[in-house]
Amino acid sequence: MIAACLAMASHSGAEAKKKKEAQVEQAAPIDLAALDEAIRADRLVQAKTLIEQSQLARQSGPMLDLLKAEYDLARGQNDVALAGFRLLVADAGVGARAQQGAGIASVRINRIDDAMGYLTAATKADGSLWRAWSALGVAYDVKRNWPAAEAAYASGLAARPNAGEILANRGYSR
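Going by my numbering, the letters in the sequence shown line up with residues 554 to 727, in that order.
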């Protein structure tokens, strides 16, 4: 009987230790700046790992949701990304970047009128969003509005001089 009680006590102690280790693992939130950088640098395996870690940590918030949508966009999951961005466009903290993402996703799925609305709102809210300017230039190109496209590309280059993406899009213009 005493041996059985001791076995149960040691088993309970091992379970408590495992639970405590699991709680420690869940409690460590990820560095959102590291996730943002991984996505921007196209290190999608690292980004996926960080997103999975954020789920283990039960981390949440609009910036994390924005970065998850950015991850979907980087993977070419444009419809999924667009849905994620749409949920965030009214958030004051991430709204401009969400508008940018929604606009880029909309351009990619050929919803040009929607894209122009999102991208115009993004660039008005934050003129430094060079990806929004570049995508707006593409949208104007699709509409065959060459002067507006050129103005958008010029604004993008003013925000980020020599950005390869803008220069490439501008080169294909017309």
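Positions of the beta carbon are idealized from the N, C-alpha and C atoms, including for glycine.
Can you tell which of the options has the C-alpha that lies nearest to the C-alpha of residue i?
i    : options                   : result
F638 : A721, A645 and R650       : R650
R628 : G614, A636, I592 and W699 : I592
Q653 : R664, G670, L635 and A685 : A685
V647 : A634, D632 and L620       : L620
L788 : G656, A658 and L603       : The shown model of the chain, from 554 to 727, leaves out residue 788, and the question about it has no answer.
Q630 : I657, L641, Q612 and L640 : I657
E724 : E703, L672 and R713       : The identity of residue 724 in the sequence shown is Gly, whereas the question assumes Glu. The shortest Cα separation from G724 among E703, L672 and R713 belongs to E703.
A634 : A668, L720, D625 and L640 : D625
L617 : V598, D667 and D644       : D644
S687 : N663, R697 and A707       : A707
R611 : K601, E590, P582 and Y671 : P582
Report buried or exposed for residue i, applying the criterion of at least 16 other Cβ atoms within 10 angstroms of its Cβ.
i    : result
E623 : buried
A557 : With a pLDDT of 48 at A557, under the threshold of 50, the predicted position of this residue should be treated as unreliable, though the coordinate-derived value follows. A557 should be labelled exposed.
S681 : exposed
E660 : Looking at the sequence itself, residue 660 is Val, so the reference to Glu does not match. Result: buried.
A675 : buried
G717 : exposed
N715 : exposed
N663 : exposed
S607 : buried
W683 : buried
L597 : exposed
A705 : buried
D595 : exposed
Could you have a look at residue i and say whether DSSP puts it in helix, strand or coil?
i    : result
A622 : helix
R664 : coil
I592 : helix
P584 : A small fix is needed here, since residue 584 is Asp in this sequence, not Pro. In this structure, D584 counts as coil in the three-state DSSP scheme.
K610 : One point to set straight first is that residue 610 is Ala, not Lys, in the sequence displayed. The answer is coil: DSSP assigns A610 none of H, G, I, E or B.
Q652 : helix
P714 : coil
S726 : coil
N631 : helix
G670 : helix
State yes or no: is the C-beta of residue i nearer than 6 Å to some heavy atom of the ligand HEM?
i    : result
A685 : The ligand HEM is not part of this structure, which contains no ligands at all.
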